[in-house]
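Everything in the sequence shown is counted per the numbering used here, starting at 268 for the first residue and increasing by one.
Positions of the beta carbon are idealized from the N, C-alpha and C atoms, including for glycine.
Quantities reported herein were computed from a predicted structural model and do not represent experimental measurements.
The structure appears below as structure tokens.
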Amino acid sequence: MSSATTLEESLKRLKLVTLAERLDGWLETAAKQEWGYGEFLEKIVAEELSSKTSKRTDMGVRMARFPFVKTLEGFDFESQPSLDPKRIRELAACRWVANGDNVVFLGPPGVGKTHLAVALGVEAIRGGYRTLFVGAQSLIASLTRFHQEGRLEEKLKQLAQYKLLIIDEIGYIPIDQLGANLFFQLISRRYEKGSMILTSNQSYANWGEIFGDPIIASAILDRVLHHATTVNIKGESYRLKEKRKSGLLSQHPDEPKRETL
Ligand code: ADP
Ligand code: MG
Numbered sequence: 268m269s270s271a272t273t274l275e276e277s278l279k280r281l282k283l284v285t286l287a288e289r290l291d292g293w294l295e296t297a298a299k300q301e302w303g304y305g306e307f308l309e310k311i312v313a314e315e316l317s318s319k320t321s322k323r324t325d326m327g328v329r330m331a332r333f334p335f336v337k338t339l340e341g342f343d344f345e346s347q348p349s350l351d352p353k354r355i356r357e358l359a360a361c362r363w364v365a366n367g368d369n370v371v372f373l374g375p376p377g378v379g380k381t382h383l384a385v386a387l388g389v390e391a392i393r394g395g396y397r398t399l400f401v402g403a404q405s406l407i408a409s410l411t412r413f414h415q416e417g418r419l420e421e422k423l424k425q426l427a428q429y430k431l432l433i434i435d436e437i438g439y440i441p442i443d444q445l446g447a448n449l450f451f452q453l454i455s456r457r458y459e460k461g462s463m464i465l466t467s468n469q470s471y472a473n474w475g476e477i478f479g480d481p482i483i484a485s486a487i488l489d490r491v492l493h494h495a496t497t498v499n500i501k502g503e504s505y506r507l508k509e510k511r512k513s514g515l516l517s518q519h520p521d522e523p524k525r526e527t528l
């Protein structure tokens, strides 16, 4: 290597971008601090690695198409006594994703189901797992469209590329017979291969109604729940609670628990 410029170019060609940018600073510090070769190498490699990891996470988060990006650090466990923080932190370690298991969040609107689903999704991405977030309604609409175009297989294959598929808001809108059938095919395809997070405002007992057919609902639940953790969240909407705290709403705890969207 004849000059620093050549070294910088080589580093860029090796895609060691952070190192290429920060090389001068590192060389100066190393000389000042009289670092040994090993120490120097360790430090520059560690920095490059952490910058690459955080770039990969940012990219994964963008590709996951979350409706918002929220993390576990931003979740207030104190205001949600029905949840055991230890249990959620355990899930954040993502062993269940490695095993192809599922997580289901059940509870009324506004209690943090989507927040926690996104937060676990971000953890999965940090762990290197490809993740996609979809709303149940748009997922079923898209499965139906592909089916009608004779391209269902293509869509199922595309969805199979994600190690974690988050399906949000099952149960807000009833699903028609074709939709239920296609959803079942998706669930069967992922069974014991890819993980899912499902969220629903309806207890399992009501899934027969959501899918318009108790048999298909129990076939779906049978596969989903075979290796799954169900997290029941109780209580009232976080947003309502916050508003009440700030005096924007009356103090009556018994008023209808409705989201003001
Ligand atoms: P759900 O999906 O259960 O209807 P969300 O996850 O969308 O509810 O939560 C509604 C809003 O309240 C979101 O902005 C979410 O970040 C926030 N939220 C809910 N629970 C909590 C909590 N315990 N700590 C912090 N924010 C919360
Ligand atoms: Mg939600």
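Check: For Thr338, three-class secondary structure by DSSP; Outcome: coil
Check: Opening and closing residue of the alpha helix (DSSP H) in which Gly377 lies; Outcome: Looking at the DSSP string, Gly377 is not in any alpha helix (DSSP H), and its letter there is neither H nor E.
Check: Rounded C-alpha distance that separates Ala359 from Leu387; Outcome: 6 Å
Check: Length at least 3, wholly inside the region 405-473: the beta strand (DSSP E) runs in chain order; Outcome: 431-437 and 462-467
Check: Span separating the alpha-carbon of Gly341 from that of Leu286; Outcome: 32 Å
Check: Buried or exposed (CB count within 10 angstroms, at least 16 for buried), His493; Outcome: exposed
Check: Residue span of the beta strand (DSSP E) that contains Gly402, given as start and end; Outcome: Thr398 to Gly402
Check: Arg289 beta carbon near the ligand ADP (any heavy atom closer than 8 Å); Outcome: no
Check: Terminal residues of the alpha helix (DSSP H) in which Phe307 lies; Outcome: Tyr304 to Ala331
Check: Leu373 - containing beta strand (DSSP E), residue span; Outcome: Asn369 to Leu373
Check: Within 9 Å, strictly: CB atoms of Ser504 and Gly395; Outcome: no
Check: Ile487 beta carbon less than 9 Å from that of Ile454; Outcome: yes
Check: Residue range of the unbroken alpha helix (DSSP H) whose run includes Ala484; Outcome: Pro481 to His493
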